[in-house]
Amino acid sequence: MSDSHQGSCLCGAVRFRTRGALRGVVYCHCSQCRKQSGHFYAATNVADADIVIEGTESITWYEASAFAGRGFCRTCGSVLFWKPRAQDYISVMAGAFDKPTGLKGDCHIFVGDKGDYYSIDDGLPQFEKSTPSIAVAE
Numbered sequence: 005m006s007d008s009h010q011g012s013c014l015c016g017a018v019r020f021r022t023r024g025a026l027r028g029v030v031y032c033h034c035s036q037c038r039k040q041s042g043h044f045y046a047a048t049n050v051a052d053a054d055i056v057i058e059g060t061e062s063i064t065w066y067e068a069s070a071f072a073g074r075g076f077c078r079t080c081g082s083v084l085f086w087k088p089r090a091q092d093y094i095s096v097m098a099g100a101f102d103k104p105t106g107l108k109g110d111c112h113i114f115v116g117d118k119g120d121y122y123s124i125d126d127g128l129p130q131f132e133k134s135t136p137s138i139a140v141a142e
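Residue numbering for the sequence shown follows the numbering used here, starting at 5 and increasing by one per position.
Written as structure tokens, this is what we have:
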């Protein structure tokens, strides 16, 4: 996988560039992710020091919990980021990256809260809540 990637929201008001390796994609099926996106989140992580975001004035941050905020474009509504307050990384939605991404699925979290209208049958590990390596809101 390349060590640099770029992407944007649908309208291009928010653009970003990353450097360094990206984590595998984690699919989050919690009710907050489902309700915000209309399905489930598919996101990777980037260290705060390894991402440059342009158009920050077009980002609205929704304080979904005391643990993390959710960033989206205020112009087109694209869901872009999930940022835990006490961590030095930001989750970036996999679909916001330009191709080729080189990203691959890693696991599914909060499968106990997933929607009842689909099944998960891709063979990736599934976790009722989360894994010890992925910090999430409780």
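All C-beta atoms, glycine included, are put in the ideal place defined by N, C-alpha and C. All of these numbers come straight from a predicted model, not from anything done at the bench.
Start and end of the beta strand (DSSP E) containing residue i?
i: arginine 21; result: 19-23
i: glycine 59; result: No beta strand (DSSP E) holds glycine 59; DSSP gives it neither H nor E.
i: cysteine 32; result: 29-32
Within the continuous alpha helix (DSSP H) that includes residue i, where are the two ends?
i: serine 12; result: First-last for serine 12: 8-12, but that is the beta strand (DSSP E), not the alpha helix (DSSP H).
i: lysine 39; result: 35-41
Look at the alpha carbon of residue i and the alpha carbon of residue j, and state the distance between them as a whole number of angstroms.
i: valine 56; j: isoleucine 63; result: 14 Å
i: arginine 19; j: glutamine 91; result: 22 Å
i: alanine 100; j: glutamate 61; result: 18 Å
i: histidine 9; j: valine 29; result: 14 Å
i: cysteine 111; j: glycine 11; result: 22 Å
i: isoleucine 3; j: threonine 79; result: Residue 3 lies beyond the residue range present for the chain, which begins at 5 and ends at 142; the question has no answer from this structure.
i: glycine 75; j: tryptophan 65; result: 4 Å
i: aspartate 126; j: lysine 118; result: 15 Å
Going by DSSP, which residues form a beta bridge with residue i?
i: threonine 48; result: Val96
i: alanine 72; result: Pro88
i: phenylalanine 101; result: Gly11
i: valine 83; result: Phe76
i: threonine 64; result: Phe76
Write down the C-beta distance between residue i and residue j rounded to the nearest angstrom, noting that I regard them as a contact closer than 8 Å.
i: lysine 133; j: isoleucine 113; result: 7 Å
i: valine 96; j: serine 41; result: About 13 Å separates the two Cβ atoms, so there is no contact after all.
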